[in-house]
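If you read the sequences in order, they're chains A and B.
Numbered continuously in my numbering, the first sequence closes out at residue 150.
Numbered continuously in my numbering, the second sequence closes out at residue 270.
For glycine and all other residues, C-beta sits at the position ideal for the given N, C-alpha and C.
In what follows, a single structure is set out as structure tokens and then discussed.
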Amino acid sequence: MAGKLRELLDISENDFDVVVRISREEDIAIARQMAKQLAQELGFSLADVTKVATAVSELARNIYRYAQPGKIMIRKRPEERGGPAIQVVAADRGPGIESVERVLTKGYTTHERSLGIGLSGIRRLMDFCEIASEVGTGTVVSVEKRRRKF
Amino acid sequence: MAFKEKVVPTIRIGDSLLVPIQIDLDDKTVEQLQAQLLAEIQEHRVRAVILDVRMVEVIDSYISYTLTETAAMARLMGCRTVICGIQPPVALTLAQMGIELQGFWVARDLEHAIGMVCSP
């Protein structure tokens, strides 16, 4: 787990199309907007563009609330075998998550103005979701969504 | 309340307040909207607030939380809240995340919403 986290924290920004630093509340909307645009460029359906944008909004807010500064990195993967995909990595060197299992429980939150639905919701909106975290080191959440054919 | 403090211009219809949200909601604007609506409910003694979210493209968990809280506050002030015009992709996303927007009356569109608040 710790090895995975370091590996993810050391991911190069250069491999991504967009990097948004999250330190102010406005950055949440910027990250959301960027995700929306890249998903549109990949030809995602409006429903999936909305899901990706919402998931990124949740990821960015988690950084802003619990671990700022951090960053949201987004890349298009047009050549994936399963079809074009978008990958979003939310990384911070904040306090870390004590129990990943617990934060994935719907309704669990440590914030008084929250539904406790963010991370469990992200998992349902995206096709792939991986969380690596260590108390005192930081947290990386990597999510992916593939373009669906209709 | 001075107009410049409003984040969303509102329209009074009888004793209802129509709130067509035509901006992208972010954390700050949704909080300002809550404060604005509570002030207007008190000032104009409206019986119902209609939130028209037809133009809103993303409703995430915090926006949902704040809107639900606003509806609960309005109810405590004797005012019901109707939300209308939720777009299909937004409805899909909210449902998938398990967000129910409790405390709202939900209408299909503005006409349906006005019918709801006008019926006895």
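In the three-state DSSP reduction, M73(A) falls in the strand class (E or B).
Within the model, the alpha-carbon separation for Q37(A) versus S269(B) is close to 42 Å. A straight line joining the alpha-carbon of I233(B) with that of I161(B) spans about 15 Å.
The alpha carbon of G94(A) has as its nearest neighbour, out of D15(A), E58(A) and I22(A), the alpha carbon of I22(A). With a 10 Å radius around the Cβ and a threshold of 16 neighbouring Cβ atoms, D202(B) comes out buried. When 7 Å is used as the limit between beta carbons, G118(A) is near these residues of chain B: S211, in chain order. Between Y215(B) and the set V206(B), E181(B), R225(B) and V158(B), the nearest pair of CA atoms involves E181(B). Cβ-Cβ distances below 7 Å link T54(A) to L125 in the same chain, with the five nearest sequence neighbours on each side left out; the list follows chain order. For I28(A), at least one C-beta of chain B is nearer than 8 Å to its own C-beta. The beta carbon of I28(A) sits closer than 8 Å to those of I22, S57, A60, R61 and Y64, all from its chain and outside the five residues before and after it, given in chain order. The C-beta separation of T243(B) from T50(A) comes to about 5 Å, placing the pair in contact by the 8 Å criterion. Of the candidates I163(B), A257(B) and E207(B), E207(B) places its Cα closest to the Cα of Q237(B). For D165(B), the closest of R197(B), H262(B) and Q172(B) by C-alpha to C-alpha distance is R197(B). Taking 8 Å as the cut-off, the beta carbon of R102(A) is found no closer than this to the beta carbon of F16(A).
One thing to note: P69(A) has its Cβ no nearer than 8 Å to the Cβ of P78(A). Secondary structure note for V169(B): its beta strand (DSSP E) is the uninterrupted segment S166 to P170. With fewer than 16 other beta carbons inside 10 angstroms of its own, P159(B) counts as exposed. Inter-segment contact for the region 130–142 of chain A and the region 167–181 of chain B is absent: fewer than three beta-carbon pairs are separated by less than 8 Å. Listed along chain B, the residues sitting closer than 9 Å to S114(A) by beta-carbon distance are S211, Y212 and Y215. Counting only Cβ-Cβ distances below 7 Å, E58(A) has contacts in chain B at D210 and S211, in chain order. When DSSP states are grouped into helix, strand and coil, S133(A) belongs to the strand group.
The C-alpha of K156(B) lies about 7 Å from the C-alpha of L183(B).
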